[in-house]
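As structure tokens, the structure follows; a few thoughts come after it.
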Amino acid sequence: MHEPPKSATLSVVIPCYNEASTLTECLSRLLAIQDHELSLEVVIVDDGSTDDSWEVAQRLSHRSSNVRTVRHPRNLGKGAALRTGFRMVTGDFVAVQDADLEYDPRDLRRLVEPLREGIADVVFGSRFRSSSVSRVLFFWHYAGNRILTLLSNMFTDLNLTDMETGYKVFRRELIQELELREDRFGFEPEVVAKLARKRPRIYETGISYRGRTYEEGKKIGWKDGVRAVYCIFRYGAHHAAWPMQLITYLVIGSLSAVVNLILFALALRVGSSILVAAPTAFVLAAAFNYLACVLLLFRHKARWGSVTEVFIYLVVVAAVGVADLVITEGLVAAGLQPLIAKGAAAAACFMFNFLGRKFFVFPEPSAGAWRPSIG
Numbered sequence: 001m002h003e004p005p006k007s008a009t010l011s012v013v014i015p016c017y018n019e020a021s022t023l024t025e026c027l028s029r030l031l032a033i034q035d036h037e038l039s040l041e042v043v044i045v046d047d048g049s050t051d052d053s054w055e056v057a058q059r060l061s062h063r064s065s066n067v068r069t070v071r072h073p074r075n076l077g078k079g080a081a082l083r084t085g086f087r088m089v090t091g092d093f094v095a096v097q098d099a100d101l102e103y104d105p106r107d108l109r110r111l112v113e114p115l116r117e118g119i120a121d122v123v124f125g126s127r128f129r130s131s132s133v134s135r136v137l138f139f140w141h142y143a144g145n146r147i148l149t150l151l152s153n154m155f156t157d158l159n160l161t162d163m164e165t166g167y168k169v170f171r172r173e174l175i176q177e178l179e180l181r182e183d184r185f186g187f188e189p190e191v192v193a194k195l196a197r198k199r200p201r202i203y204e205t206g207i208s209y210r211g212r213t214y215e216e217g218k219k220i221g222w223k224d225g226v227r228a229v230y231c232i233f234r235y236g237a238h239h240a241a242w243p244m245q246l247i248t249y250l251v252i253g254s255l256s257a258v259v260n261l262i263l264f265a266l267a268l269r270v271g272s273s274i275l276v277a278a279p280t281a282f283v284l285a286a287a288f289n290y291l292a293c294v295l296l297l298f299r300h301k302a303r304w305g306s307v308t309e310v311f312i313y314l315v316v317v318a319a320v321g322v323a324d325l326v327i328t329e330g331l332v333a334a335g336l337q338p339l340i341a342k343g344a345a346a347a348a349c350f351m352f353n354f355l356g357r358k359f360f361v362f363p364e365p366s367a368g369a370w371r372p373s374i375g
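In terms of our numbering, the sequence shown opens at residue 1 and continues consecutively.
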């Protein structure tokens with residue numbers, strides 16, 4: 001365990017879009033948490049605001065030497081604003097502070113403590129662990145947050161209570177190592193998935209929360225919820241625990257099996273023999289399976305990138321294809337209807353498909369626990 005430093009600097013990134021009415025109060029509350037043990041570096045990122053937010057931010061930076069500002073020429077989204085801010089910070093730890101006053105900056109001191117004590121690399125502030133006062137708002141937002149957190153936990157193998165929280169505090173070198181891509185609110189599930197891959201020490205503590213209504217300026221909507229689900233799959237599936245990868249592949253495999261059966265039935269309908277229809281349908285379904293695996297499950301950058309990869313994939317496809325044909329013909333010879341025989345063969349080859357892709361076509365090396373770089 002590291003000795004807590006005598007003093008530390010917390011870098012706070014404030015993504016700002018049309019928050020002129022609350023930005024001054026937000027910064028005032030934020031700067032008030034400083035003392036001789038904790039100093040602040042504040043970066044305000046104006047994300048193409050159309051109100052007076054940029055002018056307010058500039059006035060605030062002129063009043064305080066530890067406040068810097070940067071502006072996007074057009075609105076790019078919260079995730080894009082955070083990427084800009086993360087590149088600029090230099091403190092020991094990095095936090096995000098929304099400008100809308102939903103989160104109380106006083107809670108940041110408690111979030112920073114496990115980092116200063118050397119026992120944590122990331123600390124999440126949970127709205128659902130809080131013993132502090134919290135505003136009562138929308139049931140379906142609450143339910144949606146809990147469902148998204150559960151789904152995220154299933155893929156990351158974490159036991160967070162609030163994945164979507166806006167209060168996450170990181171060691172600076174850790175957050176700057178992550179290659180983040182999401183421009184809007186997909187930042188939350190993306191950063192959690194990519195943190196889980198690095199296996200840092202993650203802690204969680206309760207915080208207060210004073211959420212806004214849409215009339216008061218809340219910006220997140222149902223489309224962002226749909227995007228969050230996509231991000232959980234997109235960034236988490238290929239590193240998920242075995243059970244979740246198997247479930248995801250079951251979905252992909254089921255769709256591939258449907259494609260296989262449809263193509264097989266069409267081939268029989270136009271007069272093809274089983275010897276022609278079965279392998280043709282299988283190869284086309286295998287191509288669909290491969291693309292779906294690349295997009296959602298295993299290695300996203302795989303695009304027939306090497307001769308070895310293509311050869312291994314073709315060997316796996318050929319092996320499963322032979323098994324599919326043998327099982328189909330055997331069951332037809334035993335008296336089953338061709339479509340029933342084909343369905344049974346597809347089910348029998350499911351696990352072989354999964355194991356072949358996971359361990360031979362798309363092998364993924366294990367990541368060790370994250371540790372700060374020295375020097």
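Backbone N, C-alpha and C fix where the C-beta goes; we use that ideal spot for every residue, glycine too.
From the options, pick the residue whose C-alpha is nearest to that of residue i; which is it?
| i | options | result |
| --- | --- | --- |
| I14 | L295, S28, Y313 | S28 |
| E179 | V307, L195, A348, F170 | L195 |
| P73 | D107, P363, T50, R59 | T50 |
| G356 | T24, I340, L275, V315 | V315 |
| Y235 | S21, R197, R109, L111 | R197 |
| F359 | R201, P200, L246, P189 | L246 |
| R127 | I119, R210, E364 | R210 |
| V332 | S21, A323, I274 | I274 |
| L31 | V258, S61, I340 | S61 |
| I33 | A347, G253, L10 | L10 |
| R184 | V320, F170, L76, R129 | L76 |
| Y142 | V122, V123, T165 | T165 |
| H36 | A292, A267, S7 | S7 |
| A269 | E204, L339, V251 | Going by the sequence as given, residue 269 is Arg instead of Ala. Selected option, being the one with the closest Cα: L339. |
| L38 | Y313, E204, A334, L111 | L111 |
| A80 | W140, L250, E182, A318 | E182 |
| T308 | E204, C26, F362 | F362 |
| G199 | W370, A318, R106, V320 | Before going on, a small fix: residue 199 reads as Arg here, not Gly. Nearest of W370, A318, R106, V320 to R199, Cα basis: W370. |
| N353 | I262, I252, E25, V258 | I252 |
| W242 | V322, M351, A347 | M351 |
| L108 | G321, T205, V317 | T205 |
| A292 | D92, W140, S272, L250 | L250 |
| V123 | M88, T84, F170, F139 | F170 |
| D47 | C349, S272, K78 | K78 |
| T84 | R63, C16, W140 | C16 |
| V317 | A347, A334, V283 | V283 |
Have a look at the DSSP bridge pairing and note the partners of residue i.
| i | result |
| --- | --- |
| G125 | T205 |
| I44 | I14, T69 |
| T9 | S39 |
| A95 | V12, V169 |
Here's a check: name, in chain order, each residue in its chain whose Cβ is nearer than 8 Å to the Cβ of residue i, leaving out the five neighbours to either side.
| i | result |
| --- | --- |
| F311 | none |
| N153 | N159, L160, M163 |
| G230 | According to the sequence as given, residue 230 is Tyr; it is not Gly. Counting only Cβ-Cβ distances below 8 Å, and skipping sequence neighbours, we find G186. |
| T90 | T9, S11, E41, R172 |
| A240 | M154, F155, T156, D157, T248 |
| L336 | A344 |
What does a CB cutoff of less than 6 Å around residue i pick up in its chain, not counting 5 residues either side in sequence?
| i | result |
| --- | --- |
| Y167 | Y103, G125, I207 |
| S256 | A285, F288, N289 |
| P189 | S152, A228, C231, I232 |
| I175 | F86, V94 |
| P372 | E173 |
| F264 | A277, A281, K342 |
| R201 | A120, D121 |
| T328 | A278, A341, K342, A345 |
| A20 | D51, D52, S53, V56 |
| V259 | A285, F288 |
| C349 | V320, A323, D324 |
| Y313 | V361 |
| R71 | D46, W54 |
| G375 | With a pLDDT of only 47 at G375, under 50, the local geometry of the prediction cannot be trusted, and the value read off the model is given with reservation. Within the same chain, G375 has no close Cβ partners at all. |
| M376 | Outside the displayed span of the chain (1 to 375) sits residue 376, for which this structure offers no information. |
Under 7 Å Cβ to Cβ from residue i, same chain only, skipping five residues before and after it: list those, please.
| i | result |
| --- | --- |
| T156 | V192, A193, A196, G236 |
| N18 | S49, T50, D51, S53 |
| R106 | I33 |
| T24 | V56, L60 |
Is the stretch 136-152 close to the stretch 92-110, with three or more CB pairs under 8 Å? Touching, no.
At a cut of 8 Å, does the stretch 110-123 reach the stretch 224-236 through at least three beta carbon pairs? Contact fails between the stretch 110-123 and the stretch 224-236, because fewer than three Cβ pairs, one in each stretch, are under 8 Å apart.
Is it a yes or a no for the stretch 62-73 touching the stretch 35-49, going by three-plus beta-carbon pairs under 8 Å? With the rule of 3 Cβ pairs closer than 8 Å, the stretch 62-73 counts as touching the stretch 35-49.
Minimum length 4: unbroken alpha helix (DSSP H) runs contained in the stretch 321-373: Complete alpha helix (DSSP H) runs here, min 4: 338-348, 350-356.
What are the start and end residues of each continuous alpha helix (DSSP H) run of 4 or more residues lying completely inside the stretch 209-286, in chain order? Correct list: 222-236, 242-269.
Continuous beta strand (DSSP E) assignments of at least 3 residues falling wholly in the stretch 141-203: Entirely contained in the stretch 141-203, the beta strand (DSSP E) runs reaching 3 residues are, in chain order, 168-171.
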